[in-house]
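Undergrad: Sharing a structure with you now.
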Amino acid sequence: MSHDVLLAFLFTLIAGLATGIGSLLAFFAKTTNTKFLSYALGFSAGVMIYVSFIDIFTKAHEALIEELGEQGGSWLTVGSFFAGIVLIAMIDRFIPKQSNPHELKKVEDMRKNGSKIQDPALLKMGVFTALAIGIHNFPEGIATFMSTLQDPALGIAITIAVAIHNIPEGIAVSVPIYYATDDKSKAFRLSFLSGLAEPVGAVVGFLILMPFLNGITFGVIFAAVAGIMVFISLDELLPAAQRYDEAHVSIYGLISGMAVMALSLLLII
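Take the sequence shown: its position 29, counting from 1, is numbered 22 in the numbering used here, and each next residue is one higher.
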């Protein structure tokens, strides 16, 4: 196995296991730092949106034009981009609202009235949230893996962005499970395991997609990855950032993320 492939697996593992960071924050922080989360989620969205349109989509377009010509390559690039959006939208559509990992949770919810309640309904919600995150993170794992394989510098940026967006997901799993069971280790384990769906997605990408990787499949996958990341940013990251928001902090984060990503791409030219 090549060094690039191992690096791609490592980055995907790091991004996925950031759910565990969210779980730990829920255990040890007394209150949610809403300003930080709002900025961080906005920053992550800025990175994803900028890199998707400026770098990933462009590379997919160039690869497909080289293989199919200007007209055919352009049509397939756009079609693949929206196919990625449809894929991730369908995954979101079939996740029940009460188990959606992007429903706002705060660490304060673990300490309401200082009480500890054994509530099977909350436990069920937490378990379903963990499953929902696992399903949702699967295509993100493929996106992180393929991006790193193409360009390790790009992979670093995407890994950081995905990891930031996974932190609130870890809180979303931990809060109801801990509140239902008063068991920190159980809440942490389920939160941690839900993040493993990303490296599993990378393994599937490696086993199924790698043998067929050529100019066309690369272009299609990369364009779809751009669509997935744009949808995640607009449907999940920005709305979540604005729910935590204080005085446009999420927008400042968004612009900062775009600026950092733009500077990074300029420095590696």
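C-beta: ideal position from N, C-alpha, C; glycine also.
So, for I7: in the same chain, excluding its five sequence neighbours on each side, which residues have a beta-carbon less than 7 Å away from its beta-carbon?
TA: Locating residue 7 in the sequence shown gives position 14, counting from the first residue. Answer for I7: T152 and A156, listed in chain order.
Undergrad: Compute the Euclidean distance between the alpha carbons of I110 and A216, then round it to the nearest angstrom.
TA: Residue 110 sits at position 117 when you count from the first residue of the sequence shown. Residue 216 sits at position 223 when you count from the first residue of the sequence shown. Residue placement at I110 cannot be trusted, given a pLDDT of 48 that sits under 50; what the coordinates show is reported in the next sentence. Each residue's alpha carbon lies about 47 Å from the other.
Undergrad: For the region 13 to 68, list the alpha helix (DSSP H) runs that are entirely contained and at least 4 residues long, ordered along the chain.
TA: Those alpha helix (DSSP H) runs which fall completely within the region 13 to 68 and span 4+ residues are 27 to 44.
Undergrad: Just to confirm, are I135 and G194 a CB contact at a threshold of 7 Å?
TA: Translated into the one-based positions of the sequence shown, residue 135 becomes position 142. Translated into the one-based positions of the sequence shown, residue 194 becomes position 201. Yes, Cβ-Cβ distance for I135 and G194 is below 7 Å.
Undergrad: Inspect the beta-carbon positions of D(-3) and L142 and report whether they are closer than 7 Å.
TA: Translated into positions along the sequence shown, residue -3 becomes position 4. Translated into positions along the sequence shown, residue 142 becomes position 149. In contact: D(-3) and L142 (Cβ atoms closer than 7 Å).
Undergrad: Check whether the region 28 to 37 and the region 174 to 189 are in contact - that is, three or more C-beta pairs closer than 8 Å.
TA: They do not touch, by the three-pair rule.
Undergrad: Does DSSP put H241 in a helix, a strand or coil?
TA: Taking the sequence shown and counting its residues from 1, one reaches residue 241 at position 248. Three-state DSSP puts H241 in coil, outside helix and strand.
Undergrad: Are the CB atoms of I49 and A219 within a distance shorter than 7 Å?
TA: Within the sequence shown, residue 219 is the residue found at index 226, counting from 1. Within the sequence shown, residue 49 is the residue found at index 56, counting from 1. Result yes, Cβ atoms of A219 and I49 sit closer than 7 Å.
Undergrad: For M203, count the other beta carbons within 10 Å of its own beta carbon; 16 or more makes it buried, fewer makes it exposed. Which is it?
TA: Start at 1 with the first residue of the sequence shown, and residue 203 comes out as number 210. Exposed, because fewer than 16 other Cβ atoms sit within 10 Å of the Cβ of M203.
Undergrad: Please report how far the alpha carbon of L10 lies from the alpha carbon of I170, in whole angstroms.
TA: Residue 10 sits at position 17 when you count from the first residue of the sequence shown. Residue 170 sits at position 177 when you count from the first residue of the sequence shown. One C-alpha to the other measures close to 18 Å.
Undergrad: Indicate whether G198 and A53 have their beta-carbon atoms separated by less than 7 Å.
TA: Here the question's residue 198 lines up with position 205 in the sequence shown. Here the question's residue 53 lines up with position 60 in the sequence shown. No; because the gap between Cβ atoms is not below 7 Å, this pair is not in contact.
Undergrad: Roughly how many angstroms separate the alpha carbons of L18 and I164, rounded to a whole number?
TA: Here residue 18 refers to the residue found at position 25 when the sequence shown is read from its first residue. Here residue 164 refers to the residue found at position 171 when the sequence shown is read from its first residue. Going from the Cα of L18 to the Cα of I164 covers about 7 Å.
Undergrad: Could you check how far apart the C-beta atoms of M41 and S226 are, in whole angstroms? I think they sit under 8 Å.
TA: Taking the first residue of the sequence shown as position 1, residue 41 is located at position 48. Taking the first residue of the sequence shown as position 1, residue 226 is located at position 233. About 5 Å; that satisfies the 8 Å criterion.
Undergrad: What does a CB cutoff of less than 6 Å around A180 pick up in its chain, not counting 5 residues either side in sequence?
TA: Position 187 of the sequence shown holds residue 180. So the list reads S167, I170 and Y171, once near-sequence residues are dropped.
Undergrad: Tell me the rounded alpha-carbon separation between L57 and L206.
TA: One-based indexing of the sequence shown puts residue 57 at position 64. One-based indexing of the sequence shown puts residue 206 at position 213. Using only the alpha carbons, I get a separation of about 13 Å.
Undergrad: Do T5 and F138 count as a contact pair if the criterion is CB distance below 7 Å?
TA: Walking along the sequence shown from the start, residue 138 turns up at place 145. Walking along the sequence shown from the start, residue 5 turns up at place 12. In this structure, T5 lies closer than 7 Å to F138 by Cβ.
Undergrad: Closer than 7 Å, CB to CB, is A123 near chain C or not?
TA: Absent here is chain C; the protein component of the structure consists of one chain.
Undergrad: Mind checking whether N130 and E229 have CB atoms under 7 Å apart?
TA: Position 137 of the sequence shown, counted from the start, is the residue given in the question as residue 130. Position 236 of the sequence shown, counted from the start, is the residue given in the question as residue 229. Not a contact, by the Cβ cut-off of 7 Å.
Undergrad: Go ahead and pull the three-state DSSP assignment for L259.
TA: Residue mapping note: residue 259 aligns to position 266 of the sequence shown, counting from 1. Helix.
Undergrad: For I78 and F224, what's the separation of their Cα atoms in angstroms?
TA: Position 85 of the sequence shown, counted from the start, is the residue given in the question as residue 78. Position 231 of the sequence shown, counted from the start, is the residue given in the question as residue 224. Their backbone Cα atoms lie some 6 Å apart in a straight line.
Undergrad: What number of angstroms, rounded off, separates the C-alpha of V196 from the C-alpha of G72?
TA: As a working note, residue 196 is residue 203 in the sequence shown. As a working note, residue 72 is residue 79 in the sequence shown. So the alpha carbons of these two residues sit roughly 25 Å apart.
Undergrad: Could you pull the start and end residues of the alpha helix (DSSP H) that S178 belongs to?
TA: Reading the sequence shown from its first residue, position 185 is the one you call residue 178. It spans K177 to S187 - the alpha helix (DSSP H) in which S178 sits, taken as one unbroken run.
Undergrad: State the Cα-Cα distance for the pair L124 and I84, rounded to the nearest angstrom.
TA: Translated into positions along the sequence shown, residue 124 becomes position 131. Translated into positions along the sequence shown, residue 84 becomes position 91. L124 and I84: Cα-Cα distance of roughly 12 Å.
Undergrad: Using the three-state DSSP reduction, which class does L206 fall into: helix, strand or coil?
TA: For the purposes of this step, residue 206 is taken as the residue at position 213 of the sequence shown. Residue state, collapsed to three classes: coil.
Undergrad: Helix, strand or coil for S(-5) per DSSP?
TA: For the purposes of this step, residue -5 is taken as residue 2 along the sequence shown, with counting starting at 1. Of the three classes helix, strand and coil, the one that applies to S(-5) here is coil, per DSSP.
Undergrad: Under a three-way DSSP split, which group does D85 fall into?
TA: Residue numbering aside, residue 85 sits at position 92 when the sequence shown is read from its first letter. DSSP places D85 in helix when its eight states are reduced to three.
Undergrad: Compare the C-alpha of K177 against each of L80, G39, S16 and I214 and name the closest.
TA: Translated into positions along the sequence shown, residue 177 becomes position 184. Among L80, G39, S16 and I214, the Cα nearest to that of K177 belongs to S16.
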